[in-house]
């Protein structure tokens, strides 16, 4: 393993290529340098040391890289991810994997608010808890949370799947469209137009598929309940014209 | 935006270096609040019957020995720290008597805080660098049991030292706020009718005044914060310094960020983890995001989480 030292500011992106085992130490490398180097890489594995809660780590990746952030990350970690696999060994703050398009982001600790907000594709795995508004406006990605999720999870979510092995906070799935939500524990309350729906064979298969994808063990697909849209809010119906 | 921090020492060694650790946290929060900064640090309690008062002269540097001389009519008074336009005075008198005397005889002075252990310092401008709050008040050399701090990015009302946080809410009580309140004008009018005075048109000062009023009405901290959750309309994370610890509460929908962390040596709260990452042992701390609408509190011993 080699340690990359880069001079802060305005240096050209380090031409990493396939930098297997390359480590960046953020006590010596700026976040901009890190992101520039990662975005220049086409494959390989990378480790980020001493992240110390810095924002915007490993953002905008667009290649099948393996990136491990060894510690806690700040806001928008692995945002806009495509193709890359990003693992954070600690916690993340607001907006991890926001607008992810593909690839995989895994948090071994807890995720802050709005995890995978507006994400179109890929998989977010949170081994700990995820805070409020997890999967807000989700547009097609999958989310597996092994712990609990905070309030307003799945708010306005349109597509994709959210699987929660623990409990869900208040107003789960408020005003959601076609995201499917599975919760193993308790649900504090359901949001507007979110209802519980029967778990059929295809849903059991879907739950198992998500558990397998996340590598979550010790949990049975039969323990989950399904929640989805009653579809009463988002269809315009002529008979409501008179109603205020 | 704004940045807020709270730090609570669990060991004598950490108490001795509290100011230095807090300065490191503030350094990381300056990005969230470049307009001004302030700290309230709790330590060296004066004997019962005496008052430690932090005062600011918005007009500029002041002869604080002369002010102490005049105050000695109430009881022996001395200057504990003199920092140009700010000072910490110790007076052998009831804090409320000192407050009343200052209001009558020194109406130009702003009482930043009063109590037995609280010391408050504020300064417009960046907290770091020459002339910044950290250097100006000698924060890195201070010890204490606990402290709260604020870096301000003004979204309403002027950028001045007196508009800076923390705001005093009573004896040994103060508040820092990240967020914005939408009903502060009406609430300020109501509170003035009930005898609460305000030095500025700042919304966070109204939150502090609201708590002052609730405490006067006999509420304890929990009851006052529960009432605040009901009556304050807006977004907030509050950190409240008390004589024996600090409390953290977020608005019911958790609009504003907060991270809590605890080790055997300290408890810390900050708007962002990067401020906590500066503390020794942060990599092994228990770290979590406080739930909206829930009150978290730490007292001297034992640590209590409500």
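Residue numbers (the working numbering), protein chains in the order written: chain A, 6 to 249; chain B, 50 to 355.
Glycine residues also receive a C-beta, built at the ideal position from the N, C-alpha and C atoms.
Given the structure is predicted, the values throughout are model-derived calculations rather than measurements.
Item: Span of the beta strand (DSSP E) around residue 229 of chain A; Value: Unbroken run through residue 229 of chain A: none, as it is neither H nor E.
Item: Sequence-distant residues of its chain with Cβ nearer than 7 Å to residue 69 of chain B (five each side left out); Value: 189
Item: Within 8 Å of chain A by C-beta, residues of the segment 297-315 of chain B in sequence order; Value: 302, 303, 306, 308
Item: Contact set between the segment 68-99 of chain A and chain B, restricted to residues whose Cβ is under 7 Å from the partner; Value: 76, 77, 79, 96, 98, 99
Item: Bounding residues of the beta strand (DSSP E) (the contiguous stretch that carries residue 227 of chain B); Value: 222-230
Item: Same chain, Cβ closer than 6 Å to residue 106 of chain B, five either side skipped, listed in chain order; Value: 134, 158
Item: Range covered by the alpha helix (DSSP H) that runs through residue 200 of chain A; Value: No alpha helix (DSSP H) contains residue 200 of chain A, which is instead part of the beta strand (DSSP E) from 199-202.
Item: Per-residue burial, residue 210 of chain A [other beta carbons within 10 Å of its own, 16 or more giving buried]; Value: exposed
Item: Of the residues A:189, A:238, A:236, the one placed nearest residue 224 of chain A, counting alpha carbons only; Value: A:189
Item: Residue range of the unbroken beta strand (DSSP E) whose run includes residue 168 of chain B; Value: 167-173
Item: Contact set between the segment 113-129 of chain A and chain B, restricted to residues whose Cβ is under 8 Å from the partner; Value: 114, 115, 117, 118
Item: Same chain, Cβ closer than 7 Å to residue 212 of chain A, neighbours up to 5 away in sequence not counted; Value: 168, 187, 226, 229
Item: Residue 249 of chain B vs residue 73 of chain B beta-carbon contact at 7 Å; Value: no
Item: Rounded straight-line distance, which links the Cα of residue 200 of chain A to that of residue 142 of chain A; Value: 18 Å
Item: Distance between beta carbons of residue 136 of chain A and residue 159 of chain A, contact taken as under 8 Å; Value: Their Cβ separation, rounded to whole angstroms, is 13 Å, which puts residue 159 of chain A and residue 136 of chain A out of contact at 8 Å.
Item: Cross-strand partners of residue 55 of chain B (DSSP beta bridge); Value: B:197, B:318
Item: Contact between the segment 159-174 of chain B and the segment 124-142 of chain B (3+ Cβ pairs under 8 Å); Value: yes
Item: The segment 261-272 of chain B contacting the segment 50-63 of chain B, beta-carbon criterion three pairs below 8 Å; Value: no
Item: Proximity below 7 Å, CB of residue 108 of chain A to CB of residue 89 of chain A; Value: yes
Item: Helix, strand or coil at residue 69 of chain B according to DSSP, with G and I counted as helix; Value: helix
Item: Cβ-Cβ distance between residue 42 of chain A and residue 70 of chain A below 7 Å; Value: no
Item: Short Cβ contact (7 Å threshold) for residue 128 of chain A with residue 147 of chain A; Value: yes
Item: Cβ shell of residue 246 of chain B (< 6 Å), same chain only, five flanking positions each side left out; Value: none
Item: Residue ranges of each beta strand (DSSP E) within the segment 95-129 of chain B, 3 or longer; Value: 100-105
Item: Interface partners of residue 127 of chain B on chain A, CB under 7 Å; Value: None at all; the shortest Cβ gap to chain A is about 42 Å.
Item: Length of the line joining the Cα atoms of residue 345 of chain B and residue 302 of chain B; Value: 16 Å
Item: Three-state secondary structure (DSSP) of residue 209 of chain B; Value: coil
Item: Opposing strand residues paired with residue 136 of chain B [DSSP bridges]; Value: B:104, B:131
Item: Endpoints, beta strand (DSSP E) assigned at residue 90 of chain A; Value: 90-93
Item: Rounded separation between residue 83 of chain B and residue 238 of chain A - CA only; Value: 44 Å
Item: Secondary structure of residue 50 of chain B, DSSP reduced to three states; Value: coil
Item: Alpha-carbon spacing of residue 111 of chain B relative to residue 139 of chain B, whole angstroms; Value: 16 Å
Item: 7 Å CB neighbourhood of residue 180 of chain A in its chain, flanking five on each side removed; Value: 160, 161, 196, 197, 198, 238
Item: Cutoff 7 Å: residue 372 of chain B Cβ touching any chain A Cβ; Value: Because residue 372 of chain B is not part of the residues shown, which for chain B are 50 to 355, the question remains open.
Item: Residues of the segment 147-168 of chain A whose Cβ lies closer than 8 Å to any Cβ of chain B, in chain order; Value: 155, 156, 157
Item: Top-ranked residue by Cα proximity to residue 2 of chain A, from A:57, A:86, A:124; Value: Outside the modelled stretch of chain A, which goes from 6 to 249, sits residue 2 of chain A, for which no answer is possible.
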